[in-house]
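Reviewing the structure listed below.
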Amino acid sequence: MAWFVAAWSCLLVVVMVSSMRLSRSASSSCGSSCGHGGHGGWGPRSYPVIGCLVAFYRNRRRLLDWYTEMLAASPSQTIVVDRLGARRTVVTANPANVEHILRARFANYPKGKPFTDVLGDLLGMGIFNVDGELWHAQRKLVSHEFSARALRDLEVTVLEAEARDRLVPALAAASRGGGVVDMQDVLRRFAFDVICRVSLGVDPGCLDPALPAPRLAAAFDTAAGIIARRGAAPVAAVWKVKRALDAGSERRLREEIGVIHEAVMGLIRSRRKERALLLVNGNGVGGGGGARSDLLSRMIECGYPDEAIRDMVISFIMAGRDTTSSALTWFFWLLMRHRSVEAQVLDEIAATRRARGAGEEGGDDGEGEGLDLDDYRRMRVLHAALCETMRLYPPVAWDSKHAAADDVLPDGTAVGRGDRVTYFQYGMGRMEAIWGADAADFSLDRWLSLPRGGGDGAAAASPAAAAFAGVSPFKYPVFQGGPRTCLGKEMAFVQMKFVASAVLRRFELRPVDEGRTPAFVPLMTAHMAGGLNVTVRRRTPAPATSTAANGTGGELTSS
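With mature numbering (1 follows the signal peptide of the UniProt record, and there is no 0) as the guide, the letters of the sequence shown map in order to residues -25 to -1, 1 to 534.
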């Protein structure tokens, strides 16, 4: 190890010396650190051998803002980045380029081996980590499962139980005790319980204060953090050497992945035995006689091998455990800053409940929400608030592909075989070229002003979805676009709307620090640095006074 430490110490000295020498002629602002970088494109200033490592090091604590500034300054909203030890990277916030990558030339932009190397130890051959025929086969299976009414009904049943038995009582206790609650932590625990019950058919009890913290949840947290640091490493060789030597964080990752694999494989074996007993007893497994509806059980019924099932359910736990909780954390923070928008959302929730005959806001802690899937689909104002939240604070800040062959993007940027091509959701949400001069503002009007859809029956039945459909997924790629469009999008919106309704109609959240603007931290799934610490008060019911439920309320723009 001594040679390894010495080599990297020397490199660090070179970088620091280069940084000091160049500081007289370059600053960390985009005006002097980006431009025509000498690599055939707009981007950060690069130098022989080390590439843009100096600028990268200077801006390492503000990478999101740095990339956003460079993209905004680029005439095409595209930059080219050369980094020491990494492939040439094209980063874009141009919707035409995003459509080219995700739809028009989809086959030329797989995730690629550099991406699958980073995630492969954890996700294996799961759908989020494969390309080609294997991806097509898994996509077909998962598409069928996500369209099955049984899985969607299971999600609502699980949400009702988790909110009634844990989420609402936890917040009610906080409202009586006057203590501080970290809503980000509460929402992450809630989401982990829900995704495990839907994917695995087991309840980890992560949000139950009477139970110890589940080992499985801790293993996922640790593994996700280490994997994220792999992806963000300036030089991939560092973590690869550590993995080869089974040292440091890579050893810890191997141990945590072992915990995850052991737990999931144990469930698969148990479920197969359970299924065999059902068959022996003549109860069958096709929807009756005690058959389960969770994803793991349904995959067993489809005849998939154990490792394929393991990789699939781990992929969906990783996809679902933090994405909705991340979006909801920023949603509640934004509503605390924009109380007029919160009032409009509350009016819509109350009007929807009245139409369903479920009563006014507030209500007993032990009662259910009393709404079905169609009710949540029709919530246009809440849908707009969630979309606007994810525009500014997307659960995944960027996504990368790797070019299979040479290509040219619509804006004229040349892409070489093997180049990494990244579309930058966080920066796209802040581009005035895309969203107008008010791109930095939290404005529901940019969604509610969209047409509600034409003769499409599905759009007419779901005004919220119709409004969303008015924005190109390549302008707003939070759920990707093209063949890899997120299959869990509708389930994610149902979960977020359910939680927003359950919390807002009962409780008023107040930030502990009114003046704080929290940092957005982009790991595998983004989170709020320091959490979202709030005090909780029981909400006093008030009559609805607007027409928000039918989307014709007053101005919904806050800045």
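Ideal placement from N, C-alpha and C gives every residue a C-beta, glycine not left out.
Values in this document were obtained by computation on a predicted structure and should not be read as measured data.
*How would you label Ser21, buried or exposed, when you count the other beta carbons within 10 angstroms and need 16 or more for buried?*
Position 46 of the sequence shown, counted from the start, is the residue given in the question as residue 21. Buried.
*Is the region 138 to 149 in contact with the region 317 to 330, if contact means three or more CB pairs nearer than 8 Å?*
The region 138 to 149, when compared against the region 317 to 330, does not touch it at the 8 Å Cβ threshold.
*Nearest CA to the CA of Asp322: which residue from Ala475, Ala494, Thr304?*
Against the sequence shown, residue 322 aligns to sequence position 347. When only C-alpha atoms are compared, the closest one is Ala475.
*Between Tyr401 and Leu94, is the Cβ-Cβ spacing less than 7 Å?*
Residue mapping note: residue 401 aligns to position 426 of the sequence shown, counting from 1. Residue mapping note: residue 94 aligns to position 119 of the sequence shown, counting from 1. Cβ distance not < 7 Å, so Tyr401 and Leu94 don't count as in contact.
*Name the residue from Pro184, Leu254, Ala47 whose alpha carbon lies nearest to the alpha carbon of Trp410.*
The residue you call residue 410 lines up with position 435 of the sequence shown. Comparing Cα positions, the closest option is Ala47.
*Using the Cα positions of Trp422 and Ile54, report the straight-line distance between them to the nearest angstrom.*
As a first step, residue 422 must be located in the sequence shown, where it is residue number 447. As a first step, residue 54 must be located in the sequence shown, where it is residue number 79. Whole-angstrom Cα-Cα distance: 29 Å.
_Are the CB atoms of Gly87 and Gly377 within a distance shorter than 7 Å?_
For the purposes of this step, residue 377 is identified with residue 402 of the sequence shown, where counting begins at 1. For the purposes of this step, residue 87 is identified with residue 112 of the sequence shown, where counting begins at 1. Per the sequence presented here, residue 377 reads as His, with Gly not at that position. For the 7 Å CB-CB criterion, His377 and Gly87 form a contact.
_Paired residues, beta bridge with Pro497 - DSSP_ = Taking the first residue of the sequence shown as position 1, residue 497 is located at position 522. For Pro497, which the question treats as bridged, DSSP gives the partners Ala501.
*Report yes if the CB atom of Leu98 is closer than 7 Å to the CB atom of Ile232, and no otherwise.*
Position 123 of the sequence shown, counted from the first residue, corresponds to residue 98. Position 257 of the sequence shown, counted from the first residue, corresponds to residue 232. Taking C-beta atoms as the reference points, Leu98 and Ile232 fail to come closer than 7 Å.
*Min CB distance Val161 to chain C below 7 Å*: You won't find chain C in this structure, because it holds only one protein chain.
_Euclidean distance between Cα positions of Phe195 and Val210_ = Reading the sequence shown from its first residue, position 220 is the one you call residue 195. Reading the sequence shown from its first residue, position 235 is the one you call residue 210. Phe195 and Val210 have their alpha carbons spaced roughly 24 Å apart.
_Suppose you measure from the CA of Asp160 to the CA of Met293; what does that come to, to the nearest Å?_
Taking the sequence shown and counting its residues from 1, one reaches residue 160 at position 185. Taking the sequence shown and counting its residues from 1, one reaches residue 293 at position 318. In this structure, the CA atom of Asp160 is about 16 Å from the CA atom of Met293.
*Going by the beta-carbon positions, is the gap between Ile243 and Asp281 smaller than 7 Å?*
Position 268 of the sequence shown holds residue 243. Position 306 of the sequence shown holds residue 281. Contact flag set, yes.
*asked:* By DSSP's criteria, Tyr22 is part of a beta bridge. Which residues make up the other side?
replied: Position 47 of the sequence shown, counted from the start, is the residue given in the question as residue 22. Gly26.
*Per the contact definition of three or more C-beta pairs closer than 8 Å, is the region 347 to 360 in contact with the region 452 to 462?*
As far as the Cβ criterion goes, the region 452 to 462 does not touch the region 347 to 360, which means the pair count is below three.
*Rounded separation between Arg514 and Gly153 - CA only*: Against the sequence shown, residue 514 aligns to sequence position 539. Against the sequence shown, residue 153 aligns to sequence position 178. Rounded to whole angstroms, Arg514 to Gly153 spans 14 Å at the Cα level.
*Going by DSSP, name the residue or residues bridged to Lys322.*
For the purposes of this step, residue 322 is identified with residue 347 of the sequence shown, where counting begins at 1. The sequence as given places Asp at residue 322; Lys does not occur at that position. According to DSSP, Asp322 bridges with nothing at all.
*asked:* Taking the straight line between their C-alpha atoms, what separation do you get for Ser118 and Gly26?
replied: Taking the sequence shown and counting its residues from 1, the one referred to as residue 118 is at position 143. Taking the sequence shown and counting its residues from 1, the one referred to as residue 26 is at position 51. Each residue's alpha carbon lies about 42 Å from the other.
*Taking Thr64 as part of the beta strand (DSSP E), name the residues at either end of that continuous run.*
Indexing the sequence shown from 1 puts residue 64 at position 89. First-last of the beta strand (DSSP E) with Thr64: 64 to 67.
*Which class does Asp394 belong to by DSSP, given the choice of helix, strand or coil?*
Here residue 394 refers to the residue found at position 419 of the sequence shown. Annotated three-state conformation of Asp394 is coil, per DSSP.
*As assigned by DSSP and simplified to three states, the class of Glu74*: Locating residue 74 in the sequence shown gives position 99, counting from the first residue. Glu74 carries a helical assignment under DSSP once its states are collapsed to helix, strand and coil.
*Is it true that the region 63 to 71 meets the region 216 to 223, where meeting means three or more beta-carbon pairs spaced less than 8 Å apart?*
Look at the beta carbons and you see the region 63 to 71 not touching the region 216 to 223: under three pairs across the two are nearer than 8 Å.
*Could you tell me the boundaries of the alpha helix (DSSP H) in which Ser51 lies?*
To locate residue 51, count along the sequence shown from 1; it is residue 76. Element bounds for Ser51: n/a, residue is neither H nor E.
*Look up Lys376 in the DSSP assignment and give the residues it is bridged to.*
In the sequence shown, residue 376 corresponds to position 401, counting from 1. Answer by DSSP bridge pairing, in chain order: Val396.
*Are the beta-carbon atoms belonging to Ala71 and Pro385 less than 7 Å from one another?*
Counting from one through the sequence shown, the residue named residue 71 turns up at place 96. Counting from one through the sequence shown, the residue named residue 385 turns up at place 410. In contact: Ala71 and Pro385 (Cβ atoms closer than 7 Å).
*So, is His111 buried or exposed, given that buried needs 16 or more other C-beta atoms within 10 angstroms?*
Taking the sequence shown and counting its residues from 1, the one referred to as residue 111 is at position 136. With fewer than 16 other Cβ atoms within 10 Å, it is exposed.
*Helix or strand or just coil, what does DSSP make of Arg514?*
On the sequence shown, residue 514 is found 539 positions in, with the first residue counted as 1. Arg514 falls in the coil class under three-state DSSP.
*When the Cα of Ile275 is compared with those of Phe31, Glu74, Leu116, which residue comes out closest?*
As a position in the sequence shown, residue 275 is number 300, starting the count at 1. Of the listed residues, the one whose Cα sits closest to Ile275 is Leu116.
_Tell me which residue opens and which closes the beta strand (DSSP E) that Arg485 is part of._
Within the sequence shown, the letter at position 510 stands for residue 485. Start and end: 482 to 486.
*What are the boundary residues of the alpha helix (DSSP H) that includes Val210?*
In the sequence shown, the residue the question calls residue 210 occupies position 235. That residue, Val210, is in no alpha helix (DSSP H); it is neither H nor E in DSSP.
*In the DSSP assignment, find the beta strand (DSSP E) that holds Val453 and state where it starts and stops.*
Here residue 453 corresponds to residue number 478 of the sequence shown, with the count starting at 1. Counting along the chain, Val453 falls outside any beta strand (DSSP E), and DSSP gives it neither H nor E.
*Decide if Lys472 is buried, meaning its Cβ has at least 16 other Cβ atoms within 10 Å, or exposed.*
The residue labelled residue 472 in the question sits at position 497 within the sequence shown. Lys472 should be labelled buried.
*Whole alpha helix (DSSP H) runs in the region 267 to 302 with 4 or more residues, listed along the chain?*
Runs of the alpha helix (DSSP H) spanning 4 or more residues and lying entirely within the region 267 to 302 occur at 270 to 276, 281 to 296, in chain order.
_Span of the alpha helix (DSSP H) around Asp92_ = Within the sequence shown, numbered from 1, the residue matching residue 92 stands at position 117. According to the DSSP assignment, Asp92 belongs to the alpha helix (DSSP H) that extends over 88 to 98.
*Take Ala193 as the anchor and find which of Leu129, Pro89, Cys181, Ala203 has the nearest alpha-carbon.*
Looking up residue 193 in the sequence shown gives position 218. Comparing C-alpha distances from Ala193 to each of Leu129, Pro89, Cys181, Ala203 shows the shortest one belongs to Cys181.
*DSSP on Asn104, reduced to helix/strand/coil?*
Here residue 104 refers to the residue found at position 129 of the sequence shown. In this structure, Asn104 counts as helix in the three-state DSSP scheme.
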